[in-house]
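Scroll down for the structure; my scribbles are underneath it.
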Amino acid sequence: MVAGLQLDTQLEVQWDRIRTRLQTELGEGEYRAWLRQACVGSLDGEELTLLLPTNFLRDWVRGQHGARLSAAWQAENPAVRRVDVRVGTPPAVPIASERNAAGGLPAMPRPPERGGDAAGRNGDLAGSLDPRFTFSNFVVGKPNEFAYACARRVAERPASHGFNPLFLYGGVGLGKTHLMHAIAWELPTHSGAPGSSVAYMSAEKFMYRFIGAIRSQATMEFKEQLRSVDVLMIDDLQFLIGKDNTQEEFFHTFNALVDSGKQIVVSADKSPSDLSGIEDRLRTRLGCGMVADLHATTFELRISILEAKAASADVLVPGKVLEFLAHKITTNVRELEGALNRLIAHANLFARPITLETTQEVLHDILKAHDRRVTIDEIQRRVAEHYNIRLTDMASPRRARNVARPRQVAMYLAKQLTSRSLPEIGRKFGNRDHTTVMHAVARVGELMARDAGFADDVDLLRRMLEA
Ligand code: ADP
Ligand code: MG
Numbered sequence: 005m006v007a008g009l010q011l012d013t014q015l016e017v018q019w020d021r022i023r024t025r026l027q028t029e030l031g032e033g034e035y036r037a038w039l040r041q042a043c044v045g046s047l048d049g050e051e052l053t054l055l056l057p058t059n060f061l062r063d064w065v066r067g068q069h070g071a072r073l074s075a076a077w078q079a080e081n082p083a084v085r086r087v088d089v090r091v092g093t094p095p096a097v098p099i100a101s102e103r104n105a106a107g108g109l110p111a112m113p114r115p116p117e118r119g120g121d122a123a124g125r126n127g128d129l130a131g132s133l134d135p136r137f138t139f140s141n142f143v144v145g146k147p148n149e150f151a152y153a154c155a156r157r158v159a160e161r162p163a164s165h166g167f168n169p170l171f172l173y174g175g176v177g178l179g180k181t182h183l184m185h186a187i188a189w190e191l192p193t194h195s196g197a198p199g200s201s202v203a204y205m206s207a208e209k210f211m212y213r214f215i216g217a218i219r220s221q222a223t224m225e226f227k228e229q230l231r232s233v234d235v236l237m238i239d240d241l242q243f244l245i246g247k248d249n250t251q252e253e254f255f256h257t258f259n260a261l262v263d264s265g266k267q268i269v270v271s272a273d274k275s276p277s278d279l280s281g282i283e284d285r286l287r288t289r290l291g292c293g294m295v296a297d298l299h300a301t302t303f304e305l306r307i308s309i310l311e312a313k314a315a316s317a318d319v320l321v322p323g324k325v326l327e328f329l330a331h332k333i334t335t336n337v338r339e340l341e342g343a344l345n346r347l348i349a350h351a352n353l354f355a356r357p358i359t360l361e362t363t364q365e366v367l368h369d370i371l372k373a374h375d376r377r378v379t380i381d382e383i384q385r386r387v388a389e390h391y392n393i394r395l396t397d398m399a400s401p402r403r404a405r406n407v408a409r410p411r412q413v414a415m416y417l418a419k420q421l422t423s424r425s426l427p428e429i430g431r432k433f434g435n436r437d438h439t440t441v442m443h444a445v446a447r448v449g450e451l452m453a454r455d456a457g458f459a460d461d462v463d464l465l466r467r468m469l470e471a
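Numbering (the numbering used here), first residue to last: 5 to 471.
So, in structure tokens, the structure goes:
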């Protein structure tokens with residue numbers, strides 16, 4: 005008994021010296037990640053047993069540090085010929101409570117159409133997956149077809165070569181989160197592996213969980229849980245800019261998962277190369293798989309999205325109204341959806357049909373907010389520049405074709421891009437009558453329909469003004 009105790013103490017002292025050496029040899033980060041929780045189990049003949057709390061840690065330490073540990077022990081204690089690493093906990097270290105403190109990592113959501121019990125079983129992961137964000141609800145168009153195809157591909161064959169990590173980027177409200185959730189919903193169906201698990205969280209949540217784990221001294225548990233998933237998705241990675249420790253942690257998790265053949269999906273508002281404030285080595289790794297850009301929506305895509313959403317409404321939304329919205333609300337899909345929902349809710353509440361007039365009335369504030377982006381002055385300036393005429397010609401009475409046509413284009417764009425009324429627009433163009441503006445709008449529309457070159461020109465101007 006006493007002898008055993010002395011032996012243990014001796015081993016402890018030796019292990020302490022070895023630890024200190026390993027810390028300098030491996031670096032503090034690596035040591036903390038893998039070996040901090042290791043402790044001496046027993047010396048059985050020539051074999052010394054080290055204990056680690058989880059299978060994952062055991063395998064990792066065996067594989068990555070086994071030889072180094074054996075050598076270190078042999079140098080420290082000639083009686084030791086071999087080192088084995090096993091799962092186990094010495095009674096003095098309260099691992100169990102640490103485990104609880106970390107909380108469970110949610111796993112394996114089910115697509116809603118398959119009648120799964122996502123919310124009940126999976127705590128915060130499934131809770132944060134929006135059941136509306138599926139592939140079938142995602143409208144595909146030129147600006148997002150590549151990102152969509154990549155997302156589909158990853159959902160069908162996770163971790164396949166060239167698609168890991170999948171990096172989705174683009175401006176606010178263009179469908180990044182939607183695509184990530186869609187992948188998560190699709191995965192268990194396709195992978196055919198019932199045990200496959202998905203972790204989805206925003207970078208912000210990742211950080212708070214990481215910090216929480218540090219506070220409750222459960223970082224090991226946290227790491228282990230993260231590293232046990234088949235697919236890890238981190239949304240809005242730009243949040244980690246300047247958060248060096250969390251980045252570091254993410255970097256290690258990232259490497260561990262990719263190295264063991266697991267899929268990573270990341271979204272951000274910029275491409276990896278433009279994400280300044282993210283460590284170079286992480287940036288490099290983020291760009292090594294597939295990088296897919298969600299471009300700003302086009303008029304056509306906005307129309308398709310609106311049509312899809314309107315089709316499931318219980319009121320009729322006229323095509324004219326959809327077009328009007330697609331013209332006016334160009335920044336992001338979320339706002340476009342919000343505007344449509346408000347219209348529909350309003351129509352239901354007051355049992356009034358949706359018309360262009362009610363739309364302008366109901367969405368007055370939204371439309372006005374979008375106006376601020378483009379002013380008539382700006383339109384006049386751009387158009388004058390584009391056609392190489394003087395700005396003063398926009399308001400002059402001259403009727404020569406080479407100034408009259410650009411002026412009509414500017415009136416047309418003023419009507420399309422601002423919510424100014426016809427008389428207001430007329431006033432800005434040298435106090436012209438509202439019928440002149442009406443005529444100009446109609447004329448430009450006609451010309452655009454007839455002449456593709458002219459239409460491209462006007463579209464180009466519109467895009468420049470909207471940018
Ligand atoms: P992001 O994460 O890029 O900021 P989201 O994925 O949250 O944008 O999208 C914002 C809203 O717009 C969501 O309600 C989403 O369903 C919708 N949305 C975006 N793109 C599309 C699309 N192509 N088809 C259907 N809905 C879309
Ligand atoms: Mg998002």
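Where a beta carbon is used, it is the ideal one built from N, C-alpha and C, also for glycine.
>> Taking DSSP's pairing of strands, which residues face Met398 in a bridge?
In response: Position 394 of the sequence shown holds residue 398. Answer by DSSP bridge pairing: none, since Met398 is not bridged.
> Do the region 327 to 342 and the region 203 to 218 touch if we need at least three Cβ pairs shorter than 8 Å?
Replying inline: No, because fewer than three Cβ pairs between the region 327 to 342 and the region 203 to 218 fall closer than 8 Å, the two stretches do not touch.
> For Ile429, which residues from the same chain have a beta carbon less than 7 Å from its beta carbon, with the 5 sequence-adjacent residues on both sides left out?
Replying inline: Against the sequence shown, residue 429 aligns to sequence position 425. Apart from sequence neighbours up to five positions away, the residues of its chain that approach Ile429 with a beta-carbon distance below 7 Å are Ile380, Met415, Ala418, Lys419 and Val441, ordered along the chain.
> How do the region 212 to 219 and the region 172 to 192 stand: do at least 3 beta-carbon pairs fall below 8 Å, yes or no?
Replying inline: No contact exists between the region 212 to 219 and the region 172 to 192.
>> Please give the ranges of any alpha helix (DSSP H) in the region 237 to 275, keeping only runs that are unbroken, at least 4 residues long and fully inside the region.
In response: Those alpha helix (DSSP H) runs which fall completely within the region 237 to 275 and span 4+ residues are 248 to 263.
> With Gln242 and Leu183 assumed to form a contact (beta carbons below 8 Å), what rounded beta-carbon distance in angstroms separates them?
Replying inline: Position 238 of the sequence shown, counting from 1, holds the residue named residue 242. Position 179 of the sequence shown, counting from 1, holds the residue named residue 183. About 17 Å; that fails the 8 Å criterion.
>> So for Arg114, helix, strand or coil by DSSP?
In response: Within the sequence shown, numbered from 1, the residue matching residue 114 stands at position 110. Because Arg114 carries a pLDDT of 39, less than 50, the predicted location of this residue cannot be relied on, and the following value inherits that uncertainty. Coil.
> Which of helix, strand or coil does DSSP assign to Ala529?
Replying inline: As shown, the chain starts at 5 and ends at 471. That puts residue 529 outside it, with no answer to give.
>> Going by beta-carbon coordinates alone, are Ala159 and Leu133 separated by less than 7 Å?
In response: Position 155 of the sequence shown holds residue 159. Position 129 of the sequence shown holds residue 133. Against a cut-off of 7 Å, the Cβ pair of Leu133 and Ala159 comes out as no contact.
>> Are the CB atoms of Gly265 and Ala163 within a distance shorter than 7 Å?
In response: In the sequence shown, residue 163 corresponds to position 159, counting from 1. In the sequence shown, residue 265 corresponds to position 261, counting from 1. Result yes, Cβ atoms of Ala163 and Gly265 sit closer than 7 Å.
>> the ligand GDP and Thr181: does any heavy atom of the ligand fall closer than 6 Å to the residue's C-beta?
In response: The ligand GDP is not among the ligands present in this structure, which contains only the ligand ADP and the ligand MG.
> CA-CA distance, Gln364 and Phe254?
Replying inline: If you number the sequence shown from 1, residue 364 lands on position 360. If you number the sequence shown from 1, residue 254 lands on position 250. One C-alpha to the other measures close to 47 Å.
>> Helix, strand or coil for Thr1? Go by DSSP, reduced to three states.
In response: The structure shown does not extend to residue 1, since the chain is modelled only from 5 to 471, so the question has no answer here.
>> Does Ile22 come out as helix, strand or coil in the three-state DSSP assignment?
In response: Mapped onto the sequence shown, residue 22 falls at position 18. Reduced to three states, the DSSP call for Ile22 is helix.
>> What I want to know is whether the C-beta of Arg338 ends up closer than 6 Å to one or more non-hydrogen atoms of the ligand ADP.
In response: By one-based count along the sequence shown, residue 338 stands at place 334. Yes - the ligand ADP has a heavy atom lying nearer than 6 Å to the Cβ of Arg338.
>> Below 8 Å on the Cβ atoms is my contact criterion, and I expect Ile370 with Ala351 to pass it. Report the Cβ-Cβ distance as a whole number of Å.
In response: In the sequence shown, residue 370 corresponds to position 366, counting from 1. In the sequence shown, residue 351 corresponds to position 347, counting from 1. A Cβ-Cβ separation of about 16 Å leaves Ile370 out of contact with Ala351 under the 8 Å criterion.
> In its own chain, which residues sit with a C-beta less than 6 Å from the C-beta of Arg66, not counting the 5 before and 5 after it?
Replying inline: Here the question's residue 66 lines up with position 62 in the sequence shown. Closer than 6 Å at the Cβ level, and outside the excluded window around Arg66, lie Val89.
> If you run the structure through DSSP and keep just helix, strand and coil, what is Val17?
Replying inline: Within the sequence shown, the letter at position 13 stands for residue 17. In the structure shown, Val17 sits in a helix (DSSP, three-state: H, G or I).
> Leaving out five residues before and five after Val407 in sequence, what residues of the same chain have Cβ atoms less than 6 Å from its Cβ?
Replying inline: Taking the sequence shown and counting its residues from 1, one reaches residue 407 at position 403. Correct list, in chain order: Ile393 and Asp397.
>> Given a cut-off of 7 Å on the beta-carbon distance, is the pair Thr250 and Leu230 in contact?
In response: In the sequence shown, the residue the question calls residue 250 occupies position 246. In the sequence shown, the residue the question calls residue 230 occupies position 226. Between Thr250 and Leu230, the gap from beta carbon to beta carbon reaches 7 Å or more.
>> Quick check on DSSP: helix, strand or coil for Asp318?
In response: Here residue 318 refers to the residue found at position 314 when the sequence shown is read from its first residue. DSSP places Asp318 in coil when its eight states are reduced to three.
> How many Å lie between Ile99 and Ala260 at the Cα?
Replying inline: Position 95 of the sequence shown, counted from the start, is the residue given in the question as residue 99. Position 256 of the sequence shown, counted from the start, is the residue given in the question as residue 260. Residue confidence for Ile99 is low, a pLDDT of 25 falling below 50, so the modelled location carries little weight and cannot support an answer.
> Helix, strand or coil: which one does DSSP assign to Ala296?
Replying inline: Start at 1 with the first residue of the sequence shown, and residue 296 comes out as number 292. Secondary structure of Ala296 (DSSP, three-state): strand.
> Going by other Cβ atoms of all chains shown within 10 Å of its Cβ, with 16 needed for buried, is Arg25 buried or exposed?
Replying inline: Against the sequence shown, residue 25 aligns to sequence position 21. Burial is judged here by how many other beta carbons sit within 10 angstroms of a residue's own beta carbon; Arg25 has fewer than 16 and is exposed.
>> Given this structure, state the Cα-to-Cα distance separating Arg454 from His443, to the nearest angstrom.
In response: For the purposes of this step, residue 454 is taken as the residue at position 450 of the sequence shown. For the purposes of this step, residue 443 is taken as the residue at position 439 of the sequence shown. Their backbone Cα atoms lie some 17 Å apart in a straight line.
> Skipping 5 residues on each side, what residues in its chain have a beta carbon closer than 7 Å to that of Arg385?
Replying inline: Reading the sequence shown from its first residue, position 381 is the one you call residue 385. Leu395.
>> If distances are taken between C-alpha atoms only, which option among Pro135, Arg21, Pro169 and Asn141 comes closest to Leu290?
In response: Position 286 of the sequence shown, counted from the start, is the residue given in the question as residue 290. Comparing alpha-carbon positions, the option among Pro135, Arg21, Pro169 and Asn141 lying closest to Leu290 turns out to be Pro169.
> Helix, strand or coil for Leu172 per DSSP?
Replying inline: Position 168 of the sequence shown, counted from the start, is the residue given in the question as residue 172. In the structure shown, Leu172 sits in a strand (DSSP, three-state: E or B).
>> Once DSSP output is grouped into helix, strand and coil, what is the label at Val158?
In response: Within the sequence shown, the letter at position 154 stands for residue 158. DSSP places Val158 in helix when its eight states are reduced to three.
>> Quick check on the DSSP output: the beta strand (DSSP E) that includes Arg136 runs from which residue to which?
In response: To locate residue 136, count along the sequence shown from 1; it is residue 132. Boundaries for Arg136: no beta strand (DSSP E) harbours it, and the DSSP string shows neither H nor E there.
> Which ranges does the alpha helix (DSSP H) cover as unbroken runs of at least 4 residues, wholly within the region 386 to 435, from first to last along the chain?
Replying inline: If we require 4 residues or more, the alpha helix (DSSP H) runs fully inside the region 386 to 435 come out as 405 to 421 and 426 to 432.
> Contact check, Glu50 vs Ala83 under 8 Å by CB: the rounded distance?
Replying inline: Here the question's residue 50 lines up with position 46 in the sequence shown. Here the question's residue 83 lines up with position 79 in the sequence shown. About 7 Å separates the CB atoms of Glu50 and Ala83; that is less than 8 Å, so the two are in contact.
> Can you name, in chain order, every residue of its own chain whose Cβ lies under 6 Å from the Cβ of Leu244, other than the five neighbours on each side?
Replying inline: What you label residue 244 is simply residue 240 of the sequence shown in a count that begins at 1. Exclusion of the five residues before and after Leu244 leaves Ala207, Thr250 and Gln251 as the residues of its chain whose Cβ lies within less than 6 Å of its Cβ.
>> On the DSSP letters alone, give me the boundaries of the beta strand (DSSP E) that Leu39 sits inside.
In response: The count along the sequence shown starts at 1 and reaches residue 39 at position 35. Premise fails: Leu39 is in no beta strand (DSSP E) and is neither H nor E.
> How big is the Cα-Cα spacing for Leu310 and Ala330?
Replying inline: Locating residue 310 in the sequence shown gives position 306, where the first residue counts as 1. Locating residue 330 in the sequence shown gives position 326, where the first residue counts as 1. Between Leu310 and Ala330, the C-alpha separation is close to 8 Å.
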